[in-house]
Amino acid sequence: FAAFRSPFEDFRNDEPRRITLLKSLIRVIKRNANKGFSVALDLAAFQKVADLYKIARPLNRAYPLAAAVCQDIIDVWLKGKHPGCGIQHIIEAGDTGQGAYVHLARNVGKPVTVMPKIDPVSGERLAQFEAADFLAWERHKLFGEALESDRVKLRAPIMAMRKHLPHDGRVMDEAGLIGWCKANEFPKQSLD
């Protein structure tokens with residue numbers, strides 16, 4: 001959706017139509033979700049911190065790190081909000097670095113389910129992934145703007161999301177990444 005590829009190419013220059021679709025997508029998610037979660041990495045800061053600390057594999061790559069941190073945030077929230085309840089983490093198939101994350105999650109006893117965006121039986125695009133993709137794209141844009149400026153003007157899609165779907169969005173900047181490395185007791189790189 002965010003790239004305006006088929007079947008969404010007609011939405012590129014039609015903001016009122018995009019906002020209407022966004023509200024529908026939020027309702028799709030809201031029917032089955034209590035809250036949204038996201039983690040964005042400042043990639044320049046990530047590279048800088050990865051040069052300072054020996055981050056264990058596969059967490060030394062952006063996707064596995066962001067996904068693992070997000071999964072941990074969700075698990076902590078669930079434990080506090082709904083003690084004793086389980087959760088199934090479902091991710092869309094195909095992202096770079098995903099295999100390493102799936103393997104890691106399974107090895108630490110927090111397996112994830114990987115599903116294709118298009119249902120292999122019906123050939124239909126899964127509305128849940130379309131909605132999540134759009135929300136993730138809007139968050140990505142917001143986080144990028146926040147990293148570049150102290151003041152960010154919230155776009156209409158973000159305003160609609162905030163109104164209808166509570167969200168815990170985190171940006172891992174250099175200070176946050178260093179704190180995470182220390183909390184996980186990753187040693188500093190040697191100065192050879």
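Using my numbering, the final residue of the sequence shown is 192, and nothing's skipped along the way. Heads up, the beta-carbon is just placed ideally off N, CA and C, and yes, glycines get one too.
Task: Test item: CB-CB of F37 and I74 under 8 Å - done: In the sequence shown, counting from the first residue as 1, residue 37 sits at position 37. In the sequence shown, counting from the first residue as 1, residue 74 sits at position 74. Yes. Within cutoff.
Open item on the list: From the DSSP secondary-structure annotation, give me the bridge partner or partners of I118.
Closed with: Here the question's residue 118 lines up with position 118 in the sequence shown. Paired residues: R125.
Open item on the list: Once DSSP output is grouped into helix, strand and coil, what is the label at T113?
Closed with: The sequence position of residue 113 within the sequence shown is 113, counting from 1. Note: T113 maps to strand in three-state DSSP.
Open item on the list: Measuring alpha carbon to alpha carbon, tell me which residue in D95, A131 and A183 is nearest L25.
Closed with: In the sequence shown, the residue the question calls residue 25 occupies position 25. L25 has its Cα closest to that of A131, out of D95, A131 and A183.
Task: N- and C-terminal bounds of the beta strand (DSSP E) containing A40 - done: Here residue 40 corresponds to residue number 40 of the sequence shown, with the count starting at 1. Element bounds for A40: G36 to L41.
Task: R170 - containing beta strand (DSSP E), residue span - done: Against the sequence shown, residue 170 aligns to sequence position 170. Where R170 is concerned, the enclosing beta strand (DSSP E) stretches over H167 to M172.
- [ ] Report the rounded CA-to-CA distance for K48 versus E148, giving the unit in angstroms.
- [x] Locating residue 48 in the sequence shown gives position 48, counting from the first residue. Locating residue 148 in the sequence shown gives position 148, counting from the first residue. Distance between the alpha carbons of K48 and E148 is about 17 Å.
- [ ] Using 10 angstroms around the beta-carbon of L104, count the other beta-carbons present and answer buried if the total reaches 16, otherwise exposed.
- [x] On the sequence shown, residue 104 is found 104 positions in, with the first residue counted as 1. L104 counts as buried, since no fewer than 16 other beta carbons sit within 10 angstroms of its beta carbon.
- [ ] Identify, in the order they occur along the chain, each residue of the same chain with its Cβ nearer than 6 Å to the Cβ of G97, setting aside the five sequence neighbours on each side.
- [x] Counting from 1 along the sequence shown, the entry for residue 97 is found at position 97. Only R61, Y63 and P64 meet the Cβ criterion.
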